[in-house]
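Take a look at the structure below.
There are 2 protein chains.
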Amino acid sequence: MLREPSVDSSGSRFTPLVVLELTSDAKEEAIAWLLSRIRDREQNGGAELLVEQLGPGVGAEEKENPNMFLVGASVQRLLCGAESLGLFKEYNDGSMRAFTYANKHNFKDFTGDGDSFLSTAECQCIIKHELDTLRARDETHVPGYAQAKLYPGKSIIRRLLSKGILIQMFPLHEKEELKRLCFSWYKKVKLSLQPLDDIRHYYGEGQALYFGFLEYFTFALLPMALIGLPYYLFDWENYDKYIVFAVFNVIWCTVILELWKRHSASLAYRWGTLCMKKAFEEPRPGFHGVLGFNPVTGREEPIYPTSKRHLRIYLVSLPFVLVCLYLSLYVMMIYFQMEGWALSVYDEDPTFWTEILLFIPSVIYAVVIEAMNLIYRYAAEFLTNWENHRLESSYQNHLVLKVLVFNFFNCFASLFYIAFVMQDMALLRHSLATLLITSQILNQFMEAFLPYWLQRRRNKKMIRKVQKRRILEGKELPLPEQVRLEADMSTYLGTFDDYLELFLLFGYVSLFSCVFPLAAVLVVLNNITEVYSDAFKMCQVFKRPFSDPAANIGVWQLAFEAMSVIAVVTNCALIGLSPQVRAYFPESDTQLILWIVAIEHGLLAFKFILTFLIPDVPKYIQNELARLEFESLEAFKKKKQLHGGKCWKPRSSARSSEEDRSACRY
Amino acid sequence: MLREPSVDSSGSRFTPLVVLELTSDAKEEAIAWLLSRIRDREQNGGAELLVEQLGPGVGAEEKENPNMFLVGASVQRLLCGAESLGLFKEYNDGSMRAFTYANKHNFKDFTGDGDSFLSTAECQCIIKHELDTLRARDETHVPGYAQAKLYPGKSIIRRLLSKGILIQMFPLHEKEELKRLCFSWYKKVKLSLQPLDDIRHYYGEGQALYFGFLEYFTFALLPMALIGLPYYLFDWENYDKYIVFAVFNVIWCTVILELWKRHSASLAYRWGTLCMKKAFEEPRPGFHGVLGFNPVTGREEPIYPTSKRHLRIYLVSLPFVLVCLYLSLYVMMIYFQMEGWALSVYDEDPTFWTEILLFIPSVIYAVVIEAMNLIYRYAAEFLTNWENHRLESSYQNHLVLKVLVFNFFNCFASLFYIAFVMQDMALLRHSLATLLITSQILNQFMEAFLPYWLQRRRNKKMIRKVQKRRILEGKELPLPEQVRLEADMSTYLGTFDDYLELFLLFGYVSLFSCVFPLAAVLVVLNNITEVYSDAFKMCQVFKRPFSDPAANIGVWQLAFEAMSVIAVVTNCALIGLSPQVRAYFPESDTQLILWIVAIEHGLLAFKFILTFLIPDVPKYIQNELARLEFESLEAFKKKKQLHGGKCWKPRSSARSSEEDRSACRY
């Protein structure tokens, strides 16, 4: 059921899809100009969308922001937008092809005038794209805001955002669909997989890939958990029998990442994002520089010299990260001193209170780690922003790199120190267990339940407010209240933190689970609750995010692979430390180390060969893509022959638009 | 100056470009059928080329093969072929774009009807492509040869080749151009670089990239040679002072390979192959299987199950390679035993004859290594052929892998043994020097001078034969003799052996040059003579090869990178063995080894980060490619607006053929 259509200024009713919230003190002339640009015809450089001001709420109070606008579009406009976005949809023959308006009736599920052909997530994505590419013509600034400079070709929405005139732009939830999704996703008790296709349908491919990865990771951990459990149950104190586990670990972490690549490719193929081309990326809203000429487009736009950015990266950011790493090491050393001190106090006078004292350093250290991660995160965001990256993707890569290195160091440095400097395996197991369990509990609380509780309060307040005025039918809020409620919801900041959490969990398991075989079991349990809490927070706590047509998990694949290389090295070193192996070389440590190093190099080489041997895309998809390419080539040849072109046998690069669009090069 | 045009059957004169040599006992009906298919119009499935039988030579003897045919084409046909091949040519604005017939006047250097627009190498490549893609229609077999089965879509030329009816197909040399090229390349004494653009013009991009790489490699070695020379001159016996050199080595081999990638990309961009798309690859001539349906094209063609091929690779080829490696090890151990025996004989009775005896094992071993490499090469070719790869590229990759592993093992195993098991640095230096110098001398002799001497004899014989009948003007042979002479020349088998030689030289330098600093100097000298001898053999000894539009050095880049990883490990180990470093850890070998391992891991990590940080394609090319993409997008938008399409803002994937062709996606 679609939300009750609104009536736009021209009298036609439309389904609101996206909300624009301007500051409450936005100047009238700026608003009028913006609306006219959004409504203007495409030929005149407008976006040709439908837009309407949101009516006042039931209890319209002073503090309510009147400048909220609903954006929608006609079905035909959306279909054309789908073509210009290069959206892939399922074709009659079951393959995924780039949608074209001219060819629309050959696509599966296209019936009538196609108003249920695109999902709301796709529609919202199209509207976002159209709004983002709404460009200034000859305006020199936003009307009424002399300081909000514009130049021909500048994205209007991005300028409004960067100047704070536009507070936010977000897509609306679709209550009915969301309810169905919630039910099949986490509300019913079940033994089935997540409804990934429905998730993709509602939230887009980026989200669905995250949940797909979470699920895949959980299944990949099962064999390890199954081996780990008996190890844990029957060899609790006999922690030196972990060679088999370490060897298993090394192979496991290589194989699962390779298989994930294939799995991810087949998901992306099914969803049509595998071959989708990235559009030209716009500069980030916050990017600034002096006006110059873009070497690619030849247009006037802000230019910021790469050399300056490199100076900032290498002379400021890099040293800053190194200082932070040093600080983290320093804090770790203090922790070990405290630990030693507590132990000595306990040894001197073993009472109940001194026994409790033994736990204090660990608790303090855990809290300090979390706090440092948090503070560092802000610093990293600030610095990466200051580095003034032109593209969002470059910004994200630099941010991920910074955060990843520090988090890895912060979380694992103490474990490495215990394992390889102190060589105290009992302590390592103890630390690992505490770290894993506490961080899980903290995370799930901070991430889902706290925001949920806050949101619940807001919800109740809104319902009470509405109920004061009139009786609600079926507890459904009227549109203005619903929109205002969603506008107040927290913004989902992307999958960054979710992947980061998985990354650290993957680290705990792949690096040290041979010492603490229960780790895999704990992580499996955590992942299961994580699915529920993440699903819950996506559906109930956060604003709906714009869907992001991702073809893979991007930079995280690389991060996980780097971790798996570190895991090989670490596991080999742990094998070298095991008393069992040492017993083979009773006289000479040198021999032992040389053997371990040789084995480690062999494993690393094997790992790289394996990465090379296993194709990243399954054979059937490769065939399917080649078939599409071939078909379009043949179709073009026939067409050329029919039309009697001057040349007889043009090849793939010489195709007409229609065939080209349906071809999917990989 | 073009060769004197011949007259084809239809009466028009054409320049012969490619020669087809059929067996002298080929059946008349087969010949007539082949010629008619080659001459037939494209609409009827022919190649629409000009073809003519080569006239008898001056001294037409019995043994002369009459079935030699000259193939050429009209200028318009060649231009259309260039379009269908997807050839990139320089556009008016200096960028490289895919040539299109319709747009021909916008390309640089296109004047008149364009008969000097394409180089002869390009024309020959086009003709080869057209002949290769000349397909059977409803013929079930080659007329007159019931066993030479055909099925619709089968390449006729490939079937004729695989059945031995067609002996060879080769392009003709262009005497005048060749003379000019020889002069600027190796005949004049000069301090300038090689004329890479001219080489590319005459031999195509694959050859030019090889010579470019050879030149680059030589220059890259210069700093090492400059450091090595004083090391060698002043520290002759003080071979333990090589740490600085080892560190330099590690950084050097990483950096030069990364920079080569960039250099290669800019060469390929300049030559227009960087963005050229590979056409659908035909099955190899020798590929066989039962008729089935190709999953990509849906056509009937031989299918050979991948699982069977994998069985052959993993159950036969892999064990065979391992046995060969074992044999090589065995031979090496015999060599060391002989060495020891010779030494003991010399120690017992040190006379002149026993001193000579000391050299005997090395000489025998060197000869045996060469012989083993040669025999193995044949075995590898046989096995790879037997694996029945469908595509030439896959065949090549498997062959390169087999040969590379064995050659590496065969050449370096003894050096590794001396370095790390015997730890005798003086012997290592000695062995390295002998191996390097002898293999260089042998190679240059076997590779250039022997074939040259043979070819010279043939040349003289032919000239004498012609002179017997009539007087030659300016020593130029008449066409029939020239063609027959070229048909007898050795066939150039591609750059495989040349790259293999460079690969082994790169290995000697990067692995062990810290022990024998003169290695770099020797390799530089070798490379300089190599340029001359390779240039000489390309111009004088071999048939002209078909040009190969390569964009990079392919699998060899990977091979060199693998070698550079091994070099890091080896150099670190050599540092660990150096007495200087050992002096720092007088008490514990364990500490030393741990430090070395840690440093090695750090260096490897640094290497991978460096590979990641240095972009493979220089910024200016990235910009240029993005600009072309953007331009074609804009052109398409304008066109759509003019024509008033139903959708207003189609993006890159929705372009018409003309813009698409000019766009170069990277």
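These protein sequence lines are chains A and B, in that order.
The numbers in the numbering used here rise by one with no breaks, and the one at position 637 of the first sequence is 637.
The numbers in the numbering used here rise by one with no breaks, and the one at position 639 of the second sequence is 1639.
Beta carbons: idealized from backbone N, C-alpha and C, even for Gly.
Could you confirm whether any beta carbon from chain A is found closer than 8 Å to the beta carbon of residue i?
{"i": "D1115/B", "result": "no"}
{"i": "T1590/B", "result": "yes"}
{"i": "F1630/B", "result": "yes"}
{"i": "A1342/B", "result": "no"}
{"i": "N1726/B", "result": "Since the first residue shown for chain B is 1001 and the last is 1666, residue 1726/B is missing from the structure and cannot be characterised."}
{"i": "N1623/B", "result": "yes"}
{"i": "A1626/B", "result": "yes"}
{"i": "T1384/B", "result": "no"}
{"i": "T1611/B", "result": "no"}
{"i": "I1243/B", "result": "no"}
{"i": "L1118/B", "result": "no"}
Can a CB atom of chain B be found closer than 8 Å to the CB of residue i?
{"i": "A550/A", "result": "no"}
{"i": "H601/A", "result": "yes"}
{"i": "Q50/A", "result": "The displayed chain sequence assigns Leu, not Gln, to residue 50/A. Not an interface residue."}
{"i": "A535/A", "result": "no"}
{"i": "V18/A", "result": "no"}
{"i": "L126/A", "result": "Rather than Leu, the amino acid found at residue 126/A in this sequence is Ile. Judged by the 8 Å Cβ criterion, I126/A is not in contact with chain B."}
{"i": "S653/A", "result": "In this prediction, S653/A has a pLDDT of 38, which is less than 50 and means its spatial position is unreliable; what the coordinates show is noted afterwards. Answer yes: the Cβ-Cβ gap between S653/A and chain B drops below 8 Å somewhere."}
{"i": "A265/A", "result": "no"}
{"i": "V569/A", "result": "yes"}
{"i": "L477/A", "result": "no"}
For residue i, list the residues DSSP reports as bridge partners.
{"i": "Y1667/B", "result": "Any property of residue 1667/B remains undetermined from this structure, which presents chain B solely from 1001 to 1666."}
{"i": "F1585/B", "result": "According to DSSP, F1585/B bridges with nothing at all."}
{"i": "P1302/B", "result": "L1291/B"}
{"i": "A98/A", "result": "F88/A"}
{"i": "S1668/B", "result": "Nothing in the structure corresponds to residue 1668/B, since chain B is present only between 1001 and 1666."}
{"i": "E1048/B", "result": "DSSP lists no partner for E1048/B."}
Express the C-alpha separation of residue j and residue i in angstroms, rounding to a whole number.
{"i": "G1206/B", "j": "E1174/B", "result": "19 Å"}
{"i": "H398/A", "j": "W341/A", "result": "40 Å"}
{"i": "V1617/B", "j": "R1262/B", "result": "5 Å"}
{"i": "T1273/B", "j": "P302/A", "result": "33 Å"}
{"i": "E1659/B", "j": "A1102/B", "result": "Unreliable placement is indicated for E1659/B, whose pLDDT of 38 sits below 50; no coordinate value is reported for it."}
{"i": "V1421/B", "j": "F1406/B", "result": "21 Å"}
{"i": "L502/A", "j": "F1217/B", "result": "44 Å"}
{"i": "I514/A", "j": "N249/A", "result": "The displayed chain sequence assigns Cys, not Ile, to residue 514/A. The alpha-carbon atoms of C514/A and N249/A are separated by roughly 8 Å."}
{"i": "L1214/B", "j": "V1071/B", "result": "34 Å"}
{"i": "A1246/B", "j": "K402/A", "result": "32 Å"}
{"i": "S653/A", "j": "L625/A", "result": "Because the pLDDT at S653/A is just 38, under 50, the model does not fix this residue reliably, and the value given afterwards should be weighed accordingly. Those two C-alpha atoms are separated by around 16 Å."}
{"i": "T1254/B", "j": "F1608/B", "result": "9 Å"}
{"i": "M372/A", "j": "L450/A", "result": "20 Å"}
{"i": "E339/A", "j": "T306/A", "result": "47 Å"}
{"i": "W1353/B", "j": "E1447/B", "result": "34 Å"}
{"i": "D1115/B", "j": "F1014/B", "result": "12 Å"}
{"i": "A146/A", "j": "A26/A", "result": "13 Å"}
{"i": "K465/A", "j": "L172/A", "result": "21 Å"}
{"i": "F1069/B", "j": "G1298/B", "result": "35 Å"}
{"i": "N106/A", "j": "R77/A", "result": "19 Å"}
Under DSSP, the alpha helix (DSSP H) around residue i begins and ends at which residues?
{"i": "L1322/B", "result": "1318-1348"}
{"i": "G1228/B", "result": "1205-1234"}
{"i": "F1248/B", "result": "1243-1271"}
With residue i as the anchor, note down where its beta strand (DSSP E) starts and where it stops.
{"i": "V521/A", "result": "From DSSP, V521/A is part of no beta strand (DSSP E) but of the alpha helix (DSSP H) over 518-536."}
{"i": "K175/A", "result": "Here K175/A belongs to no beta strand (DSSP E); instead the alpha helix (DSSP H) covers 175-182."}
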